[in-house]
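Down below is the structure, laid out as structure tokens.
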DNA sequence: CACTTAAACTGAGCCTGATTCATTATAAGG
DNA sequence: CCTTATAATGAATCAGGCTCAGTTTAAGTG
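Protein chains in written order, with this note's numbering: chain A, 1 to 228; chain B, 229 to 456.
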């Protein structure tokens with residue numbers, strides 16, 4: 001088992017594990033969890049079918065690996081996307097934009113998340129980790145008195161992520177691209193004091209491309225250095 | 229095929245179809261979609277395995293039947309729960325409470341909804357139908373000038389349903405009961421002009437029990453008269 | 001009341017695909 | 001160059017969704 005390597009270099013093992021994860025992600029995104037055959041994933045990873053089971057207990061576990069990695073990367077990207085010195089309001093906007101763009105860019109993988117938490121099991125740890133990014137921003141905001149605090153943070157969190165997830169679905173369904181105004185409006189109602197904005201007139205590209213570049217590079221970096 | 233009955237009474241056929249749906253709902257809710265064996269469902273419905281396939285093309289289709297029926301019932305319940313003459317604000321609160329309670333009461337079935345829309349297929353028709361209840365309330369609100377209209381209705385819809393769904397998950401995860409304040413606060417930020425409210429101090433039962441009774445009776449009625 | 005027949009129902013067996021495991025290959029260590 | 005623990009392999013096993021040839025049921029019909 002790769003768990004206790006002594007004969008083979010750790011790097012080699014991790015590389016293989018990561019390449020299986022890559023293959024799985026690709027196939028899952030392509031044909032969905034049920035549509036994916038483990039044999040296809042194995043082939044895509046240039047590995048025998050049995051080898052997959054050396055690294056992952058079963059197909060579900062493999063899915064959990066893919067989804068977990070995604071959220072871990074998302075957390076890193078989010079942290080990079082937020083300017084530490086900005087106001088709470090600005091940070092929320094940064095996180096919101098980043099989040100919405102990520103949901104849209106990786107819609108298929110995000111969708112897999114549901115499949116990874118069978119029934120009312122606890123959420124994946126990595127998701128909880130990600131959510132803390134929001135909590136930290138809010139906590140700081142409260143400490144500094146920058147936020148109206150008549151509504152509990154926990155509830156605002158549900159507003160924030162719930163809205164963005166549904167908005168992403170809506171945009172996807174209507175085949176619309178990323179729309180800045182969704183975040184602006186969300187913040188307007190969440191933190192008030194705002195200038196709400198009509199939906200983007202047409203398919204205008206996201207303006208904060210550098211933000212996504214940051215993410216991409218981090219992800220690339222992560223993917224090659226392996227994780228899990 | 230039950231599609232063109234001539235030898236058997238329609239009522240009988242529909243009763244059987246409905247009893248299969250009942251069995252499926254029960255088993256799905258119990259062990260999830262993947263955990264459910266068609267043979268178990270058949271047994272629970274006192275029917276042979278093959279019979280299930282007379283009524284539903286496959287397991288997916290059976291799931292769609294269960295989920296579809298749920299949302300249809302939900303729509304009826306929602307319509308019953310809303311007082312036609314109330315203010316927009318009041319109607320939204322009624323719908324919000326009803327929605328949150330339903331999500332909590334039938335959490336397992338709601339979860340199945342995700343499984344029923346494989347990949348970015350369009351949503352189930354019944355879900356869209358349900359969403360229209362919200363749209364009608366909002367439209368009326370706008371027509372009457374009761375709503376601040378700086379934010380598009382479509383986006384408010386995502387705020388409304390997205391927030392409630394995430395709130396329901398949060399409550400479920402923390403094993404908390406229905407909490408009135410979630411809806412109150414949501415409306416406070418959505419429609420403004422509000423008195424936000426701290427989370428319910430303890431596990432206080434939902435106060436508008438009659439509302440749920442209305443729903444239940446409608447559901448019972450529906451279930452026996454069959455649908456699909 | 002037989003009798004005919006379309007509609008319903010049944011469950012054994014087929015078939016796909018996940019998972020296992022006996023066997024073989026690999027890579028250090030001596 | 002052996003030895004041996006670790007990895008990798010893929011044929012065999014197994015589970016469970018789905019099919020279909022055969023059986024039962026329930027109206028009709030004379």
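Backbone N, C-alpha and C fix where the C-beta goes; we use that ideal spot for every residue, glycine too.
Quick caveat, the model's predicted, so the values are computed rather than measured.
Three-state secondary structure (DSSP) of residue 15 of chain A: helix
Cβ-based neighbour list, residue 247 of chain B, same chain, cut-off 6 Å, excluding 5 preceding and 5 following: 273.
Assigned exposure category for residue 244 of chain B - 16 Cβ within 10 Å defines buried: buried
Residues that residue 28 of chain A contacts on chain B, provided the C-beta gap is smaller than 7 Å: By Cβ distance, chain B contributes nothing, its closest Cβ being about 11 Å from residue 28 of chain A, past 7 Å.
Test: residue 76 of chain A CB closer than 8 Å to a CB of chain B: no
Check whether residue 64 of chain A and residue 21 of chain A have beta carbons under 8 Å apart: Remark: C-beta atoms of residue 64 of chain A and residue 21 of chain A do not approach each other more closely than 8 Å.
Sub-8 Å separation of residue 152 of chain A and residue 192 of chain A beta-carbons: In this structure, residue 192 of chain A does not lie closer than 8 Å to residue 152 of chain A by Cβ.
Whole-Å CB distance - residue 159 of chain A paired with residue 414 of chain B, under 8 Å assumed: 7 Å
Proximity of residue 78 of chain A and residue 95 of chain A at Cβ, strictly below 8 Å: In this structure, the beta-carbon distance from residue 78 of chain A to residue 95 of chain A falls below 8 Å.
Contact set between residue 391 of chain B and chain A, taken where Cβ atoms lie within less than 7 Å: Correct list: 158, 159, 162, 163.
Chain-order list of residues whose beta-carbon lies under 6 Å from that of residue 341 of chain B (same chain, five-residue window excluded): 295
Cutoff 8 Å: residue 66 of chain A Cβ touching any chain B Cβ: no
Under 8 Å between C-beta atoms of residue 399 of chain B and residue 332 of chain B: yes
Positions along the stretch 333–366 of chain B whose CB lies within less than 9 Å of some CB in chain A: 335, 336, 339, 342, 343, 346, 347, 348, 350, 351
Member of B/316, B/349, B/258 whose CA lies at the smallest distance from the CA of residue 372 of chain B: B/316
Buried versus exposed, by CB contacts within 10 Å (16 or more), residue 407 of chain B: buried
Selection of the stretch 83–97 of chain A by Cβ proximity to chain B, strictly under 7 Å: none
CB contact check: residue 301 of chain B to chain A, cutoff 8 Å: no
Local Cβ density within 10 Å of residue 11 of chain A, reported as buried at 16 or more and exposed below that: exposed
Where residue 125 of chain A sits in the DSSP three-state scheme: helix
Spatial distance of residue 423 of chain B from residue 311 of chain B (CA atoms): Note that residue 423 of chain B scores 49 on pLDDT, short of 50, meaning its location in the model is unreliable and no value can be drawn from it.
Beta carbon proximity, residue 182 of chain A to chain B, threshold 8 Å: yes
Endpoints, alpha helix (DSSP H) assigned at residue 101 of chain A: 88–105
Test: residue 19 of chain A CB closer than 8 Å to a CB of chain B: For residue 19 of chain A, the answer is no, since every Cβ of chain B falls outside 8 Å of its Cβ.
Where residue 62 of chain A falls: helix, strand or coil (DSSP): If DSSP states are grouped into helix, strand and coil, residue 62 of chain A belongs with the helices.
Backbone CA spacing between residue 256 of chain B and residue 263 of chain B [nearest angstrom]: 8 Å
Own chain partners of residue 277 of chain B with C-beta closer than 8 Å, once the 5 adjacent residues on each side are dropped: 266, 267, 270
Own chain partners of residue 74 of chain A with C-beta closer than 7 Å, once the 5 adjacent residues on each side are dropped: 102, 130
Residues that residue 70 of chain A contacts on chain B, provided the C-beta gap is smaller than 9 Å: Chain B residues near residue 70 of chain A: none, gap ~17 Å exceeds 9 Å.
Segments assigned alpha helix (DSSP H), at least 4 residues, entirely inside the stretch 148–180 of chain A: 153–173
Outcome for residue 401 of chain B when other beta-carbon atoms lying within 10 angstroms are tallied against a minimum of 16: exposed
Sequence-distant residues of its chain with Cβ nearer than 6 Å to residue 70 of chain A (five each side left out): 109
Proximity of residue 526 of chain B and residue 384 of chain B at Cβ, strictly below 8 Å: As displayed, chain B neither begins before 229 nor continues past 456, which places residue 526 of chain B out of reach and without an answer.
Counted within 10 angstroms of its Cβ, other Cβ atoms place residue 81 of chain A as buried (16 or more) or exposed: buried
Own chain, CB closer than 8 Å to residue 346 of chain B, minus 5 neighbours either side, in chain order: 288
Of the residues A/90, A/53, A/184, the one placed nearest residue 140 of chain A, counting alpha carbons only: A/90
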